[in-house]
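Here is the structure we will look at, set down as structure tokens.
Number of protein chains: 2
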Amino acid sequence: MRGQPGRTVTSRVLALLDAFSPASPALTLSELARRAGLPLSTVHRRVAELLAWGALERGGDGRYRIGLRLWEVGSLAPRGLGLREVALPVMEDLYEVTHENVQLAVRQGLELVFIERIAGRRAVPVRTRVGGRFALHATGVGLVLLAHAPAEVQERVLAGPLERYTALTVTDPGRLRRCLAEVRRVGYAVSDRQVTMDALSVAAPVRAPEGVVAALSLVVAHDRADPVALAPLVQAAGRVLSRALGGTPR
Amino acid sequence: MRGQPGRTVTSRVLALLDAFSPASPALTLSELARRAGLPLSTVHRRVAELLAWGALERGGDGRYRIGLRLWEVGSLAPRGLGLREVALPVMEDLYEVTHENVQLAVRQGLELVFIERIAGRRAVPVRTRVGGRFALHATGVGLVLLAHAPAEVQERVLAGPLERYTALTVTDPGRLRRCLAEVRRVGYAVSDRQVTMDALSVAAPVRAPEGVVAALSLVVAHDRADPVALAPLVQAAGRVLSRALGGTPR
DNA sequence: CACCCGTCTTCCACTGGACGGAAGGCGTGG
DNA sequence: CCACGCCTTCCGTCCAGTGGAAGACGGGTG
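In the order they appear, the protein sequences are chains A and B. The numbering of the first sequence is the UniProt record's numbering, which starts it at 1 and goes up by one. The numbering of the second sequence is the UniProt record's numbering, which starts it at 1 and goes up by one.
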């Protein structure tokens, strides 16, 4: 094309979707154009089509938002709602026993995505959002997912910058590597104040026939936490879920 | 273009997404091509790009499924996860009080889409799926949404074929019209065995500043149902939710 | 009121991304 | 062995897409 030869129409449409984020779920046409790096007239045309189909919706304020039709299609993702449907009963059981925050996440590239969470009203407040992303190297679920990720993924995470969230976040590649080996050995992960100074999480893997596909965790206040007591509960829930997915829990 | 001049690239990409449905969430390349009505080579090219972005994923069986990235973007839909986040606590309260199925739906065109449901283990089994669609003229939520839909939408639904699910489904346009007027008057809808012969649902509107945006309902076994007793509960929940959305509940 | 600023919408002549038929590889099973 | 369905790649043609420019719109300011 004229502006940026080599850029396909499809990639431009996808760039428009990329422009939306949890932090900015409503955008004007101009904002959309700037974020996607496309001329206004181009965006105007493409957006009209997305609007007609229902991928985008336009509010009374003139801003564009993600449309329900796209949510509907997204709900067909096996690793999204599909996984959630199977996991929810197990997560609820875990919640009933502990009355603590229960989280379910999968790995997407070099980050994790939260698929579902049950936030206990009496439990520690956690700032995770369903559909939100987070780094792999700090949380309990992240450590489990990273420990069972392909070697290539692990290397890229270990090589890349490891953001420090608290004084206890493991940012040394060597230590993180040993940490992951330990997670594989014992079959669960503990993240003690590595994300915030008030929370501790214990996570276990969820296995399908193709390997570890998700991670389940409990997030509790660190001062009333007993990882050794919580681990068997989370692991048991992970096994139940693994079996439901046709996997072979260890 | 050559095959079907007038068809845009974007519409073709969207047609590929349309090919997926709850009944067939995993498709081969050929199936995808047939469903979208596009040549195989065209689909092959477009799908490769969707795969790279994460809109689609490919399983070990070679079939394509909706990818997590699309689920993630879809989760930004205000009428999808956004609404669910606000509604869930209210729905849980309603469930705690009744221990019956609680459902939340919005209107999308001439149908409704289920946004969330809480299925009581002891409650009547309902075959609704989160992300699934249904006709507007039979269910409790549907009647509420239809009763408060723009006149143009109502006319099109009344004109179109009204599928009969049971002997009690209202399929006469005149009767349905009176039914909708009654729903508006009393502020709630009752669907007594109009979908299945074992279930009854009571639904109430959810109002945001722009009008009725969703409907909340209880679905119970018809033989132990007392609509008059349930209505106030559902209406109260609807009002709480309306207020949370900045609406003015009546 | 006139002015400016940012936003949105529409128009049009050019061009390169998209097209799709065809041919080739791959696995299955009759 | 061949036939069948599926997937992948190639290449010459051509129309959908492009983006600058011009104009409408809307709100805030002097």
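For every residue, glycine included, the Cβ atom is placed at its ideal position computed from N, Cα and C.
Buried or exposed for residue i, please, with buried defined as at least 16 other CB atoms from any protein chain shown within 10 angstroms of its CB.
| i | result |
| --- | --- |
| Met197/B | exposed |
| Glu152/A | exposed |
| Ser201/B | buried |
| Arg121/B | exposed |
| Ser242/A | buried |
| Thr128/B | buried |
| Val130/A | buried |
| Thr139/A | buried |
| Ala237/B | buried |
| Ala33/B | buried |
| Pro125/B | exposed |
| Ser217/A | buried |
| Ser41/A | exposed |
| Gly37/B | exposed |
| Val195/A | buried |
| Val113/A | buried |
| Glu100/A | buried |
| Val220/B | buried |
| Arg69/B | buried |
| Leu246/A | As written in the sequence, residue 246/A is Gly, which differs from the Leu given in the question. Exposed, by the Cβ-count rule. |
| Arg250/B | exposed |
| Ala203/A | buried |
| Gly80/B | buried |
| Ala181/B | exposed |
Hey, how far is the Cα of residue i from the Cα of residue j?
| i | j | result |
| --- | --- | --- |
| Leu145/B | Asp18/B | 24 Å |
| Pro150/B | Ile66/A | 22 Å |
| Pro22/B | Asp61/A | 33 Å |
| Thr10/A | Pro39/B | 17 Å |
| Pro78/B | Tyr64/A | 11 Å |
| Arg2/B | Pro25/A | 37 Å |
| Gly117/B | Leu94/B | The sequence given here places Arg at residue 117/B; Gly does not occur at that position. If I take the Cα positions, the gap works out to 11 Å. |
| Met91/A | Ala105/A | 12 Å |
| Val157/A | Thr8/A | 30 Å |
| Phe20/B | Val73/A | 7 Å |
| Arg239/A | Val206/A | 7 Å |
| Gly54/B | Gln4/B | 28 Å |
| Ser30/A | Ala15/A | 14 Å |
| Val183/A | Ala147/A | 7 Å |
| Gly174/A | Leu143/A | 14 Å |
| Leu56/A | Leu27/A | 11 Å |
| Thr166/B | Leu136/B | 15 Å |
| Arg107/B | Leu176/B | 17 Å |
| Val97/B | Leu168/A | 43 Å |
| Arg45/B | Gln103/B | 40 Å |
| Thr171/A | Val13/B | 42 Å |
| Gly82/A | Trp71/B | 11 Å |
| Pro227/A | Gly59/B | 35 Å |
| Val43/A | Gly6/A | 17 Å |
| Ala123/A | Glu155/B | 49 Å |
| Glu111/B | Arg133/A | 32 Å |
| Ala199/A | Cys179/B | 53 Å |
| Val141/A | Ile115/A | 11 Å |
| Gly109/A | His222/B | 48 Å |
List the DSSP bridge partners of residue i.
| i | result |
| --- | --- |
| Tyr64/A | Leu27/A, Arg58/A |
| Phe114/A | Ala105/A |
| Arg177/A | DSSP lists no partner for Arg177/A. |
| Ala221/A | Ala199/A |
| Arg133/B | Val113/B |
| Arg207/A | Val212/A |
| Ala189/B | Ala203/B |
| Ser21/A | Ser24/A |
Measuring from the CB of residue i, is there a heavy atom of the ligand ADP at a distance below 7 Å?
| i | result |
| --- | --- |
| Ala36/A | What this structure holds is no ligand at all, so the ligand ADP is not there to describe. |
Exercise for the section: Please determine if the segment 155-163 of chain B and the segment 211-225 of chain B are in contact, where contact requires at least 3 C-beta pairs separated by less than 8 Å. Expected result: no
Practice task
Tell me, please, whether the segment 49-66 of chain B touches the segment 82-89 of chain B by the rule of three or more beta-carbon pairs shorter than 8 Å.
Solution key: no
Handout entry: Cβ contact (3+ pairs, closer than 8 Å) linking the segment 223-243 of chain B and the segment 183-192 of chain B
Key = yes
Practice task
Give, in chain order, every residue of the segment 59-83 of chain A whose Cβ lies closer than 9 Å to some Cβ of chain B.
Solution key: Gly59, Gly60, Arg65, Ile66, Gly67, Leu68, Arg69, Leu70, Trp71, Glu72, Val73, Gly74, Ser75, Leu76, Ala77, Pro78, Arg79, Gly80, Leu81, Gly82
Practice task
Pull out every residue of the segment 130-156 of chain B whose Cβ sits closer than 7 Å to any Cβ of chain A, in chain order.
Solution key: Val130, Gly131
Problem - Residues of the segment 215-249 of chain A whose Cβ lies closer than 9 Å to any Cβ of chain B, in chain order - result: none
Handout entry: Within 8 Å of chain B by C-beta, residues of the segment 30-49 of chain A in sequence order
Key = Arg46, Glu49
Exercise for the section: Could you run through the segment 3-33 of chain A and flag, in chain order, every residue whose CB is less than 7 Å away from some CB of chain B? Expected result: Thr8, Val9, Thr10, Ser11, Val13, Leu14, Leu17, Phe20, Pro22, Pro25
Practice task
Below 9 Å between beta carbons is the criterion; list the residues of the segment 113-131 of chain A that meet it against any residue of chain B, in chain order.
Solution key: Val113, Ile115, Arg121, Arg129, Val130, Gly131
Exercise for the section: Below 9 Å between beta carbons is the criterion; list the residues of the segment 161-192 of chain B that meet it against any residue of chain A, in chain order. Expected result: none
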